Each structure stands twice: as structure tokens, then as C-alpha cells.
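In our numbering, the protein residues as written are 16 to 125.
And the structure:
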């Protein structure tokens, strides 16, 4: 959420001023909030060699091609109160699979 610099000191004073300084931009009785969507389109390839090396290390070579595609429309500038239910990270399913895999490895070592 964007905040104004009401006292002109070029610092964010909303928290230290207990909300009296540098308040948020407002429109239609509420804070101005805009969401933007960003999509990265591209490919990632991983190349490995099967030949043994002197150092006996297998280090894959990664190549990534980024082609960012962004669209900003008037719709994205509207104030909305929706909240996303997506969480950062891999998610619950991947965490459970990793937990089961770790348990299987631990059981096999016993």
C-alpha cells in the first residue's frame, strides 16, 4: 500500500508517528490498493555429462531464458478487497511427500 510523505522528510514515519504522519493514499473513503500480475514465460534446460571428470563432481549446467510478459490495465488499478489464498512455497502436498520420503529413508537406514 502506497503512503504519502506528509511531513516532507523522505522517510516512512507512519509506524513511528502512530499513524499521524505519512498516511496512505485514500480514494472513495478507503486506502488505494492496486494489484499487479506478473508472468515469467521462458524455458529452463539442464545439461549434464556422463563422462567422469578428474574432480569426480557432477555439476549440471543450467540455462534459463526469461521473457517477461506484463500487462497493466485500468482494471488492475481499481481498489479491491479480495484476498488471495495462495501461499508462498511448494504447498502442502509437496511438504507431505517430502516428509514421507524422509521417513522412508530413515526407516531404510535402521
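Just so you know, even glycine gets a beta-carbon here, dropped at the ideal spot from N, CA and C. What you are looking at is a predicted structure, and each value in this text was computed from that prediction instead of being measured.
In this structure, DSSP gives residue 51 a state outside helix and strand, which the three-state scheme calls coil. Bridge partners of residue 45 according to DSSP: 42. Per DSSP, the continuous alpha helix (DSSP H) segment holding residue 118 begins and ends at 107–124.
Looking at the backbone, the Cα of residue 35 and that of residue 29 are separated by about 7 Å.
In this structure, the CA atom of residue 44 is about 60 Å from the CA atom of residue 122. For residue 38, the CB contacts under 7 Å within the same chain, skipping 5 residues up- and downstream, are 18, 19, 21 and 29 in chain order.
Taking the Cα positions, residue 104 is about 10 Å away from residue 110. In the three-state reduction of the DSSP assignment, residue 59 falls in the strand class.
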